[in-house]
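Visitor: Heads up: the protein sequence lines correspond to chains A and B, in order. Here our numbering is used: the first residue of the first sequence is 74, the next is one more, and so on. Here our numbering is used: the first residue of the second sequence is 645, the next is one more, and so on. Just so it is clear, CB atoms sit at the ideal spot from N, CA and C, and this is done for glycine as well.
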Amino acid sequence: MHGVKRVKYSREALAAKKERELAKLKEYQSLTAEVLARKKTRDLTHESFDLTTKLLQVNPEFYTVWNYRRNILTGRVFFERTPEEINALLSDDLSLTTSLLKQHPKVYWIWNHRYWCLRQVPDGPTEADPNGWRQVYWNKELFVVEKMLDADPRNFHAWNYRRYVLEQMPVKRSEQSELNYTRRKIEANFSNFSAWHQRSKVLTSMWEAGKLDKIRSLEEEFDLVKNAMYTDPNDQSVWIYHRWLIGTGEDKDVLEREITSIRELFEEQPDSKWCMESLVFYQRLLLRKHGKALSVEIRKRMESECLGLLSKLQTIDPDRKQRYMDLAQGGLPV
Amino acid sequence: MGSALDIPLHVKYIQSLGENKDDLVYHLTAHLRLNAVYWGLTALCVMKHKDALDRDEMVEFVMSCWDDEAGAFGAHPDHDAHLLSTLSAIQILVMQDALDRVDVPRIVKYILSLQQPSGVFAGDAFGEIDTRFLYCAVNALSLLGHLHELDVEKTVGYIRRCRNFDGGFGAREGAESHAAQVWVCVAALAILDKLDEVDVDTLAWWLAERQLPSGGLNGRPEKLEDVCYSHWVLSSLSILKKLHWINADKLIAFILSAQDLEHGGIADRPGDQADVFHTIFGVAGLSLLGYPGLDDLDPVYCMPAGLIESKGLRKDWEALPRKTSP
Numbered sequence: 074m075h076g077v078k079r080v081k082y083s084r085e086a087l088a089a090k091k092e093r094e095l096a097k098l099k100e101y102q103s104l105t106a107e108v109l110a111r112k113k114t115r116d117l118t119h120e121s122f123d124l125t126t127k128l129l130q131v132n133p134e135f136y137t138v139w140n141y142r143r144n145i146l147t148g149r150v151f152f153e154r155t156p157e158e159i160n161a162l163l164s165d166d167l168s169l170t171t172s173l174l175k176q177h178p179k180v181y182w183i184w185n186h187r188y189w190c191l192r193q194v195p196d197g198p199t200e201a202d203p204n205g206w207r208q209v210y211w212n213k214e215l216f217v218v219e220k221m222l223d224a225d226p227r228n229f230h231a232w233n234y235r236r237y238v239l240e241q242m243p244v245k246r247s248e249q250s251e252l253n254y255t256r257r258k259i260e261a262n263f264s265n266f267s268a269w270h271q272r273s274k275v276l277t278s279m280w281e282a283g284k285l286d287k288i289r290s291l292e293e294e295f296d297l298v299k300n301a302m303y304t305d306p307n308d309q310s311v312w313i314y315h316r317w318l319i320g321t322g323e324d325k326d327v328l329e330r331e332i333t334s335i336r337e338l339f340e341e342q343p344d345s346k347w348c349m350e351s352l353v354f355y356q357r358l359l360l361r362k363h364g365k366a367l368s369v370e371i372r373k374r375m376e377s378e379c380l381g382l383l384s385k386l387q388t389i390d391p392d393r394k395q396r397y398m399d400l401a402q403g404g405l406p407v
Numbered sequence: 645m646g647s648a649l650d651i652p653l654h655v656k657y658i659q660s661l662g663e664n665k666d667d668l669v670y671h672l673t674a675h676l677r678l679n680a681v682y683w684g685l686t687a688l689c690v691m692k693h694k695d696a697l698d699r700d701e702m703v704e705f706v707m708s709c710w711d712d713e714a715g716a717f718g719a720h721p722d723h724d725a726h727l728l729s730t731l732s733a734i735q736i737l738v739m740q741d742a743l744d745r746v747d748v749p750r751i752v753k754y755i756l757s758l759q760q761p762s763g764v765f766a767g768d769a770f771g772e773i774d775t776r777f778l779y780c781a782v783n784a785l786s787l788l789g790h791l792h793e794l795d796v797e798k799t800v801g802y803i804r805r806c807r808n809f810d811g812g813f814g815a816r817e818g819a820e821s822h823a824a825q826v827w828v829c830v831a832a833l834a835i836l837d838k839l840d841e842v843d844v845d846t847l848a849w850w851l852a853e854r855q856l857p858s859g860g861l862n863g864r865p866e867k868l869e870d871v872c873y874s875h876w877v878l879s880s881l882s883i884l885k886k887l888h889w890i891n892a893d894k895l896i897a898f899i900l901s902a903q904d905l906e907h908g909g910i911a912d913r914p915g916d917q918a919d920v921f922h923t924i925f926g927v928a929g930l931s932l933l934g935y936p937g938l939d940d941l942d943p944v945y946c947m948p949a950g951l952i953e954s955k956g957l958r959k960d961w962e963a964l965p966r967k968t969s970p
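Here it is, written out as structure tokens:
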């Protein structure tokens, strides 16, 4: 259980609660016994199907009953119906999951059933257009998942589902449009790590496919991140994303430019842990990758600054002191 | 507020679970029952009160969850087989030295049948995929002594594809890093001796940043602290040998403050309702942090360390030294 406050009941209140629950419990147990008994005899009737609906509305985490419901559909119902009727049934089941998800947006079993329903969509409406029905569903699904992400932009079930929908749609959305979506989410809240993560995936895919000029794209990303950094320098999402953009530090100019940029921010925010952490990491990266191009004096100065920053970090971020001490010991000889 | 871990109270709490047959929530969570028994037993073992629950009764209960059609275990009698409950069943039977009750070849067949072409595992025949199930499969096969039947390269290949820009791992390819998924992937890699797939410096950094000013740990950036992350984040750090990268004393204090000192058990955070899930993970965290009076826990298997070691399954992880007093 998560986020359920401990409640202290008076004796009377506790007694009343118990009484209410006892009635609910008896009903629940009798419904459960009925459904499981029918399942045991492989009863695939419409009556049984309706009983699963009733039970799942009370307890949508009862995975065995979701299984039973699906078995009724595939074991009998789908054989007896036309594709149009199957489509209508699936639509009903999707509506059932939508209403359940409103109250239980993070229950795996409900999401599962949604995935399953979409896999069952028959070819149609015609032979010439076998993906027509699917496309309609997928468009609706994207709409549903966007509403869920508006309600909770960090719900990873919804993000996973979004990725699945985008991947499965017969007529794909462009990756550029997904990039735009992540930008909207990020601009709504720079702390939305889920959106930054999605952006990292879309960009990687586009770079690998050659759909986007990586160098120019990286410039845009650095701009976006700089904006976010200056708006909220305490936001870890941005700094973690920035480190990914820097990557292996092959580009000396970019590395030096970013170090300068962070240094400027650091001057405005002298207690910024993230500025310090990043200055250490990037300067050491510069030393490792491009140290040979620098004079001994500069190298010594950089490493000395890193040690100074690591010392300061031990004071301003004492919970992670040991990490900074490890990093101080792990510096490169210059 | 300096409280200590009230072991006798939590032992009583675990013993009492399932005694109140009139509790609605108890019945509404039947789909987690076998998992709950595993959580309770493991917590008792770590608190050195393994015998607080009757062994034979427990073993019989586990066997009553056998789904003979599928050849694996469901969460409760008459519930369908699933990888989650199958792992819990095997873990309980190993801890109770009753693995001989199980049809090992059948279970191995069930587990292997759930591997997908991509390398990930489904939870059951209905196809939900998640790296949690990959971990269940690897752990279970390892405990059953049948890990050699697994296609390691295929399995590791999938985990590799779940690696993210922050060094962490998600529920499936493309999914965001989440501490619980990080743990299942890192622990699976540990069992498979493939920890070289992990970017340790980056991931340990991301994990260390889960500690909030309250001392508690969260599961992802900008989320709330929760005692269960004391296991997932901590166990991951322990496997990566970077447990010292967080403030142990503050985390211990946080876990202890989430105890229900009236009725027993540990909650997700102070003031909330306790449950057996947060009880084991709180106790697991305390054990890894060297809290006195507890037994060692293996962070890869989330089972008693001595038992795992006796089976020759101990991997190269590090916990904090056990204190002799709080």
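Just checking, does the stretch 649-662 of chain B make contact with the stretch 109-125 of chain A on the three C-beta pairs under 8 angstroms criterion?
Guide: Too few Cβ pairs lie closer than 8 angstroms, so no.
Visitor: Grouping DSSP H, G and I as helix and E and B as strand, with all else coil, what is ILE910(B)?
Guide: strand
Visitor: CB ASP940(B) to CB GLY950(B), shorter than 8 angstroms?
Guide: Yes, Cβ-Cβ distance for ASP940(B) and GLY950(B) is below 8 angstroms.
Visitor: Is there a Cβ from chain A that is less than 8 angstroms from the Cβ of ILE910(B)?
Guide: no
Visitor: Does the beta carbon of GLN760(B) sit closer than 8 angstroms to a beta carbon anywhere in chain A?
Guide: no
Visitor: How about ARG816(B): is its C-beta nearer than 8 angstroms to some C-beta of chain A?
Guide: yes
Visitor: Based on DSSP bridge pairs, tell me the residues matched to LYS78(A).
Guide: ASP916(B)
Visitor: When the distance is taken between beta carbons, is LEU117(A) closer than 8 angstroms to ILE145(A)?
Guide: yes
Visitor: List, in chain order, every chain A residue whose beta-carbon is nearer than 9 angstroms to that of GLY772(B).
Guide: The identity of residue 772(B) in the sequence shown is Glu, whereas the question assumes Gly. Per Cβ cutoff of 9 angstroms: TYR181, TRP182, TRP184, ASN185, TYR188, TRP189.
Visitor: Under the three-state reduction of DSSP, which class applies to ASP744(B): helix, strand or coil?
Guide: Helix.
Visitor: Starting from LEU109(A), find everything on chain B with Cβ-Cβ shorter than 8 angstroms and list it in chain order.
Guide: ASP722
Visitor: Sort out for me which residues DSSP pairs GLY718(B) with in a bridge.
Guide: ALA725(B)
Visitor: Check the Cβ-Cβ distances between HIS119(A) and every residue of chain B, and say whether any is below 8 angstroms.
Guide: No - not a single Cβ of chain B is within 8 angstroms of the one on HIS119(A).
Visitor: Would you mind reading off the limits of the alpha helix (DSSP H) that contains PHE354(A)?
Guide: 346-363
Visitor: Are the C-beta of GLN176(A) and some C-beta of chain B separated by less than 8 angstroms?
Guide: no
Visitor: Provide the residue(s) that pair with PHE813(B) in DSSP beta bridges, ordered along the chain.
Guide: ARG807(B)
Visitor: Span of the alpha helix (DSSP H) holding ASP123(A)?
Guide: 119-131
Visitor: For VAL407(A) and chain B, any beta-carbon pair shorter than 8 angstroms?
Guide: Only weak support is given to the placement of VAL407(A): the predicted model assigns it a pLDDT of 46, under 50, and the value that follows is read from those uncertain coordinates. Chain B contact via Cβ: absent.
Visitor: How would you write the range of the alpha helix (DSSP H) that GLY322(A) sits in, first residue to last?
Guide: Where GLY322(A) is concerned, there is no enclosing alpha helix (DSSP H), given that its DSSP letter is neither H nor E.
Visitor: Would you please verify whether the beta carbon of MET645(B) is less than 8 angstroms from any beta carbon of chain A?
Guide: Its pLDDT being 46, under 50, MET645(B) is placed unreliably in this model, and the value from its coordinates should be taken loosely. With 8 angstroms as the cut-off, MET645(B) does not count as an interface residue toward chain A.
Visitor: Looking only at its own chain, which residues have a Cβ that is under 8 angstroms from the Cβ of TYR355(A), when we skip the five neighbours before and after it?
Guide: Excluding residues within five positions, the ones whose Cβ falls inside 8 angstroms are ILE319, GLY322, LEU328, GLU331, ILE332, ILE335.
Visitor: At 7 angstroms on the CB atoms, spell out the chain A contacts of VAL688(B), in chain order.
Guide: In the sequence as displayed, the identity of residue 688(B) is Leu instead of Val. Under the 7 angstroms cutoff, chain A gives no residues; its nearest Cβ is about 20 angstroms from LEU688(B).
Visitor: On the criterion of 16 or more Cβ atoms from any shown chain inside 10 Å, does GLY863(B) qualify as buried, or is it exposed?
Guide: buried
Visitor: Return yes when the Cβ of LEU964(B) is within less than 8 angstroms of the Cβ of LEU932(B), no when it is not.
Guide: Closer than 8 angstroms, so yes.
Visitor: Do PRO178(A) and ASN228(A) have their C-beta atoms within less than 8 angstroms of each other?
Guide: yes
Visitor: Assess, as a yes-or-no matter, whether the stretch 746-753 of chain B is touched by the stretch 693-700 of chain B under the definition of 3 or more beta carbon pairs within less than 8 angstroms.
Guide: Contact check between the stretch 693-700 of chain B and the stretch 746-753 of chain B: fewer than three CB pairs, one atom from each, fall below 8 angstroms, which does not count as touching.
Visitor: With respect to 7 angstroms, is the separation between the Cβ of HIS693(B) and the closest non-hydrogen atom of the ligand FMN below this value?
Guide: By its list of ligands, the structure shown contains no ligand whatsoever, and the ligand FMN lies outside what it can speak to.
Visitor: Looking at chain B, is there any beta carbon in it that lies within less than 8 angstroms of the beta carbon of ILE145(A)?
Guide: no
Visitor: State the DSSP-derived secondary structure class of LEU756(B), mapped to helix, strand or coil.
Guide: helix
Visitor: Please confirm if ASN307(A) has its CB atom under 8 angstroms from at least one CB of chain C.
Guide: You won't find chain C in this structure, because its protein chains are A and B.
Visitor: Counting only Cβ pairs nearer than 8 angstroms, list the residues of chain A close to TRP889(B).
Guide: ARG393, GLN395, ARG396, ASP399
Visitor: Nearest-angstrom Cα distance between GLY814(B) and LEU851(B)?
Guide: Each residue's Cα considered, the two are about 14 angstroms apart.
Visitor: Would you call the stretch 857-872 of chain B and the stretch 832-839 of chain B in contact, with 3 or more CB pairs under 8 angstroms?
Guide: no
Visitor: What does GLN855(B) pair with, by DSSP beta-bridge criteria?
Guide: LEU861(B)
Visitor: Roughly how many angstroms lie between the CA atoms of ALA106(A) and LEU128(A), to the nearest whole one?
Guide: 11 angstroms
Visitor: Determine, using beta carbons only, whether LYS885(B) and GLU962(B) come nearer to each other than 8 angstroms.
Guide: yes
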